[in-house]
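Asker:
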Amino acid sequence: MNTSLLAIVIGLFFIGSTSTSCKIYGFNDIAIPDTIKTVKVNFIVNKAPYVDPQLSPKLTDRLRQKIVSQTKLSQTNNDNADWLIDGRITNYALSTSGISQQQVATNRLTVTVHVIRTDQKANLTKEYDVSRNFEFSGNMSLQQAQARLSEDIIRGLTDDIFNRLFSDW
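Using this note's numbering, the letters of the sequence shown correspond one by one to residues -11 to 157.
#1: What separation, rounded to the nearest whole angstrom, lies between the Cα atoms of F154 and S125?
#2: Report the residue from R152, N151 and L145 whose alpha carbon sits nearest the alpha carbon of D49.
#3: Enumerate in chain order the residues of its own chain whose CB-to-CB distance from S5 is below 6 angstroms, with the five nearest sequence positions on each side excluded.
#4: Within 8 angstroms (strictly less), CB to CB, does A36 reach chain B?
#5: Just the Cα atoms here: how many angstroms apart are L137 and S119?
#6: Please go through the same chain and pick out, in chain order, the residues whose beta-carbon is closer than 8 angstroms to the beta-carbon of D67, but skip the five residues on each side of it.
#7: By the three-class DSSP mapping on this structure, what secondary structure does F154 have?
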């Protein structure tokens, strides 16, 4: 009896692990139509009232790298790419998020990026706003926080932008 139960469990595991679902194109919850082969990621410009000069180039580069490494799309510099991706940093704001004994205990840096994906084959444009908060100690200056949080900011925004562009959520 135990042998037959084990055989059933192994069989179900095998079927579950080898079966695939049919959809346009799926890879790590990424949804890209079969007709889309190339992408152009334009430079993400910084239009926020406060400008971190390192953010735009690093964010643009990291997004390009992520698209190339996690999709089958080919990166191009031609304006006739199947998808054009444009973006601009619209907000880079500091606020107090925690007070202790009448002093700032925690600050919050909020960064917002407006992203536009143009599907040139379908003549369709989608726009997204991606925003993320980054907390840091009230004892730190903004410059110190930027140095400490730089990698988290780039990684977090890149992941959020990528998910909005390719997972439609």
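C-beta atoms are modelled at their ideal positions from N, C-alpha and C, and glycine is treated no differently. Keep in mind it's a predicted model, so treat the numbers as computed, not measured.
Answerer: Taking the coordinates as given:
#1: Taking the first residue of the sequence shown as position 1, residue 154 is located at position 166. Taking the first residue of the sequence shown as position 1, residue 125 is located at position 137. One C-alpha to the other measures close to 34 angstroms.
#2: One-based indexing of the sequence shown puts residue 49 at position 61. The residue with the shortest Cα to Cα distance from D49 is L145.
#3: As a working mapping, residue 5 is identified with position 17 in the sequence shown. Per-residue confidence for S5 stands at a pLDDT of 48, beneath the threshold of 50, marking its modelled position as unreliable; the derived number appears in the next sentence. Result list for S5: empty, nothing under 6 angstroms.
#4: Among the chains in the structure shown there is no chain B, since it carries only a single protein chain.
#5: Numbered from its first residue, the sequence shown carries residue 137 at position 149. Numbered from its first residue, the sequence shown carries residue 119 at position 131. The alpha-carbon atoms of L137 and S119 are separated by roughly 15 angstroms.
#6: For this step, residue 67 is matched to residue 79 along the sequence shown. Counting only Cβ-Cβ distances below 8 angstroms, and skipping sequence neighbours, we find K28.
#7: Your numbering for residue 154 matches position 166 in the sequence shown. Residue state, collapsed to three classes: helix.
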